[in-house]
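Enquirer:
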Amino acid sequence: MSSFSPYDPVPKTNAVHTGSVLLTNNVGLHARPSVRLTQLAKSFGAHIEFALATTGPWVDAKSPVKVMRFKAAKGETLHFRASGADAAEALAAIVALVERGFASEAEEASQPPQG
Amino acid sequence: MEKRFAGRPAAPGIALGALFSLTTGTGARVASGAAESEAEALRSALSAASTDLKDLIARSTGDAAAILEFQVALLEDDVLAEPAFSAIVAGRAADSAWLDAMQQEIAGYESSDDEYFRARAADLYDLRDRVLAHLTGSAVEAAVPPGAIVAAVDLAPSRFLGIDWSRGGALVLTAGSITSHVAMLARSRGIPAVTGLGVDLAELSGLALVDAHRGMLIVNPGPATRAQFDRDAKAAATAGALAAAAAIRPAVTADGTPIRIMLNVADPRELADLDPAICDGIGLVRTEFLFHDRQGFPDEEQQYSIYRRIAEWAQGRPVIIRTLDAGGDKPIPGLTPAGESNPFLGVRGLRLSLVQPDVFRTQLRALARAATHGNVKIMLPMVTQPRELADARSIFEAEVAALAAAGIPARRASLGIMIEVPAAAIAADQFDAEFFSIGSNDLTQYVAAAGRDIGAVADLADPTQPAMLRLFRYLVDTAGARNIELSLCGDAGGDPRAIPLLLAAGLRSLSMAPALVGGAKLAIAATDLDSLAESEPWPT
């Protein structure tokens, strides 16, 4: 699923993309979601940061240690900002992951259709 | 020059072999003093720990694998060890730098208001210790030569189990306690052990002789000592062969009374080479080991798989599994209260389970699920008053109902109590338990107000003194009147000197370390209850 290889030339761009999403899963941004979130972030070349408020503090969204330190609970809003060649794509993928409760796309596909 | 060191006998037996010193975990590492080599040591420990975890993931499924994947993710994040590397540059040794960095990280989790995040501290403890084990070279068990006299300051149960004892050997600890888990494991495996030698580990090298009956370690034994050892070893081999032959026969007294023989175990690995036919079941599974070995608490799946293995080994025979008996001489960091002035009289056993119901519920769920694979019974430790049994029972029944509602196979196993608090022993008729098991070690200590690991008063903690035999007789009568099973699972149950007195008091089911079964069966065969009944050693 990775569209990034460390050998790709990264075009210089200063455009910063931002996105935010409500955390809806019951136990919050805990171990497994943090691992999934950071793994997804690492699959992009973009520099991606994460915060619980638009005012920061911003931390590297590719660091599970830092993401876990936020102890984000259900009902909080997660803010992301990204810069780099695939920044827009990265943000869209991350927001989608949070929206589907951190299920992988395969798991999502195997769920029975809802109501 | 022959040198003699006196300690305390922790597991009986004698052995002759080369001393092999094992350094222990925290603090035993010798720092290089150079920042670059300390950093390199930490880097390779981190990478080795990561390799371990990936091997474990390959062998795990479901929740267990997910937990390990989380640990790998943290470990591979440079942020985790960053403060440790900075401290190393500032002159700190790798192990203390790592411990400090992890302590900071762990404190962040432990201070969380969210129970879920607090629980993840266990993963960080696990990570901390895994890396530390690589730093301090604890991962060297495989290198212990078979038959060696293993010397250490103290030894974790998992490290004892990691050593190949198939060719004998012995364990000598410069610190340690005879009531520690490693001492129990040594007794269980029949490995001679001496604790509390109070000597510097560096003094222990060369050929050595262990006389664990007397608690002696003799380094560089002279010709006279060697000759005596050869005679003792010959006598022990004869006695051992007799016991081994007796172990597979049924336990019957000289007058023809059948006795039930049960095993005390802690880890399914202890059962690996045992024939279930030597026993009538398992009278005590100590579950503390699961919680001790890894600092982090085992999840429901891990516990279920371990309990299930033990239940399946027993092939339909009863398996009595004791719920977590933490506290007292078995503190568990992060679970048992720190700073109690007298932990033996504090929050331990079931008392702790009732104030930490999450850990208790997880264990009860795992037990109810394992009970579908064999004749599992659940025993509650340190019960003092009937309401504690009632509270535990309602928690258990709620968990069984929840499992049933979720469609997970589970069974409401019978719920019994360990009789080890004098209040429960004296008023046993007040407890509607489904079985009783006498924990004679703690019961004796509490009745006699004397610790058996305190040399000066150990004689007072005699499980066959009149006060104890009276209690045993009362418990036999009470269990008989209520028509429930009664067994005894303390060390007295496997002690050939105590066995005739226990049988005379009316006990008919004894639980003991596997290595003691043969000797116990010989002692039972030599006991004639008809003649003993006339000479009751206690006033009625």
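Chains as they are written, first to last, in our numbering: chain A, 13 to 127; chain B, 15 to 554. Even glycine gets a Cβ: it sits at the ideal position worked out from N, Cα and C. Computed from a predicted structure; not experimentally measured.
1. Name the residue from B:ALA352, B:LEU366, B:ALA420 and B:LEU359 whose alpha carbon lies nearest to the alpha carbon of ARG383 of chain B.
2. Give the straight-line distance between the Cα atoms of VAL369 of chain B and ALA404 of chain B, rounded to the nearest whole angstrom.
3. Since ARG112 of chain A meets chain B, which of its residues come closer than 7 Å, beta carbon to beta carbon?
4. May I have the straight-line CA-CA distance separating LYS86 of chain A from VAL110 of chain A, to the nearest angstrom?
5. Taking DSSP's pairing of strands, which residues face LYS248 of chain B in a bridge?
6. Between which two residues does the beta strand (DSSP E) containing THR89 of chain A stretch?
7. Specify the secondary structure class of THR239 of chain B as computed by DSSP and reduced to three states.
8. Relative to the C-alpha of GLY363 of chain B, which residue among B:GLY341, B:ALA197, B:THR376 and B:ALA72 is closest?
9. Keeping to the same chain, check which residues put their C-beta closer than 7 Å to that of VAL224 of chain B; ignore five residues upstream and five downstream.
10. What residues from chain B crowd round ALA135 of chain A, counting only those whose CB sits closer than 8 Å?
11. Let me know if LYS68 of chain B comes out buried or exposed under the rule of 16 or more other beta-carbons within 10 Å of its beta-carbon.
12. Is the stretch 54 to 67 of chain A touching the stretch 96 to 107 of chain A, taking contact as three or more C-beta pairs under 8 Å?
13. My parser needs the beta strand (DSSP E) runs of 3 or more residues fully inside the stretch 330 to 358 of chain B; what are they?
14. Excluding sequence positions up to five away, which residues of its chain have a Cβ less than 8 Å from the Cβ of ASN38 of chain A?
15. Comparing alpha-carbon positions, which option in B:PHE445, B:VAL233, B:PRO423 and B:ARG426 lies nearest MET432 of chain B?
16. Compare the C-beta of THR70 of chain B with all C-beta atoms of chain A and state if any pair is closer than 8 Å.
17. Quick check on the DSSP output: the beta strand (DSSP E) that includes LEU231 of chain B runs from which residue to which?
18. So MET276 of chain B and SER525 of chain B are supposed to be a Cβ contact under 8 Å. How far apart are they, rounded?
19. The beta strand (DSSP E) spanning ASN38 of chain A covers which residue range?
20. Quick one: is ASP456 of chain B buried, meaning 16 or more other Cβ sit within 10 Å of its Cβ, or exposed?
21. Is SER126 of chain B close to chain A? Criterion is C-beta to C-beta, closer than 8 Å.
22. Taking the CB atoms as reference points, tell me whether ALA447 of chain B and ILE498 of chain B lie closer together than 8 Å.
23. For SER4 of chain A and chain B, any beta-carbon pair shorter than 8 Å?
24. Looking at ALA111 of chain B: is its Cβ nearer than 8 Å to the Cβ of ALA101 of chain B?
25. At least one CB of chain A closer than 8 Å to the CB of PHE14 of chain B: is that the case?
26. Checking 8 Å against the spacing of the C-beta atoms, do ARG466 of chain B and ALA475 of chain B come in under that value?
27. Select from the stretch 68 to 79 of chain A all residues with a C-beta closer than 7 Å to any C-beta belonging to chain B, and list them in chain order.
28. Find the residues of chain B that neighbour GLY40 of chain A, judging by a C-beta separation of less than 9 Å, and give them in chain order.
29. For VAL167 of chain B and ALA216 of chain B, what's the separation of their Cα atoms in angstroms?
30. Is the Cβ-Cβ distance between ASN278 of chain B and MET15 of chain B less than 8 Å?
31. Assuming contact is defined by CB atoms lying nearer than 8 Å, are LYS54 of chain A and LYS74 of chain A in contact in what I supplied?
32. In angstroms, rounded to a whole number, what distance separates the CA positions of GLN329 of chain B and ILE71 of chain B?
33. Between the alpha carbons of CYS293 of chain B and ALA255 of chain B, how many angstroms are there, rounded?
34. Could you tell me the alpha carbon to alpha carbon distance between VAL461 of chain B and SER454 of chain B, rounded to whole angstroms?
35. Assess, as a yes-or-no matter, whether the stretch 533 to 544 of chain B is touched by the stretch 509 to 516 of chain B under the definition of 3 or more beta carbon pairs within less than 8 Å.
36. Using alpha carbons as the reference points, say which of B:LEU56, B:PHE84 and B:SER64 lies closest to LEU555 of chain B.
Expert: Considering the structure as presented:
1. Comparing Cα-Cα distances from ARG383 of chain B to each of B:ALA352, B:LEU366, B:ALA420 and B:LEU359, the minimum goes to B:ALA420.
2. Each residue's alpha carbon lies about 15 Å from the other.
3. Under the 7 Å cutoff, chain B gives no residues; its nearest Cβ is about 18 Å from ARG112 of chain A.
4. So the alpha carbons of these two residues sit roughly 11 Å apart.
5. Paired residues: none, contrary to the question.
6. Looking at the DSSP string, the run of the beta strand (DSSP E) that includes THR89 of chain A is 89 to 95.
7. Residue state, collapsed to three classes: helix.
8. Selection B:GLY341, B:ALA197, B:THR376 and B:ALA72 evaluated against GLY363 of chain B yields B:GLY341 as nearest (Cα-Cα).
9. The beta carbon of VAL224 of chain B lies closer than 7 Å to those of ILE28, ALA29, ILE163, ALA184, VAL186, PRO206, VAL208 and LEU231 in the same chain, with the five residues before and after it left out.
10. Residue numbering for chain A in the displayed model covers 13 to 127; residue 135 of chain A lies beyond these limits and cannot be assessed.
11. Exposed.
12. Contact between the stretch 54 to 67 of chain A and the stretch 96 to 107 of chain A is present, because at least three Cβ pairs lie under 8 Å.
13. If only complete runs of 3 or more residues are kept, the stretch 330 to 358 of chain B shows the beta strand (DSSP E) at 332 to 336, in order along the chain.
14. In its chain, beyond the 5 residues on either side, LYS86 have a beta carbon closer than 8 Å to the beta carbon of ASN38 of chain A.
15. A check of alpha carbon separations from MET432 of chain B across B:PHE445, B:VAL233, B:PRO423 and B:ARG426 identifies B:PHE445 as the nearest.
16. In the sequence as presented, Thr is not what sits at residue 70 of chain B; that position holds Leu. Chain A, which has no Cβ nearer than 8 Å to the Cβ of LEU70 of chain B, makes this no.
17. Here the beta strand (DSSP E) through LEU231 of chain B covers 230 to 233.
18. At roughly 4 Å, the Cβ-Cβ gap stays under 8 Å, so MET276 of chain B and SER525 of chain B are in contact.
19. Secondary structure note for ASN38 of chain A: it is in no beta strand (DSSP E), with a DSSP letter that is neither H nor E.
20. So ASP456 of chain B counts as buried.
21. Taking Cβ atoms only, chain A reaches closer than 8 Å to SER126 of chain B, which makes this a yes.
22. The answer is yes: Cβ separation under 8 Å.
23. In the structure as shown, chain A starts at 13 and stops at 127, and residue 4 of chain A therefore has no counterpart that could be examined.
24. The Cβ atoms of ALA111 of chain B and ALA101 of chain B lie closer than 8 Å to each other.
25. It is not possible to answer for residue 14 of chain B, since the shown part of chain B is limited to 15 through 554.
26. A contact, by the Cβ cut-off of 8 Å.
27. Listed by position along the chain: SER75, PRO76, VAL77 and LYS78.
28. Listed along chain B are ASP128, TYR130 and PHE131, each with a C-beta nearer than 9 Å to that of GLY40 of chain A.
29. Cα to Cα, the separation comes out at about 11 Å.
30. If you check the CB distance, ASN278 of chain B and MET15 of chain B do not come in under 8 Å.
31. Contact: yes.
32. Their backbone Cα atoms lie some 30 Å apart in a straight line.
33. Each residue's alpha carbon lies about 18 Å from the other.
34. In a straight line, the C-alpha of VAL461 of chain B is about 10 Å away from that of SER454 of chain B.
35. Verdict: yes, contact present.
36. The question about residue 555 of chain B has no answer, for chain B in this structure spans 15 to 554.
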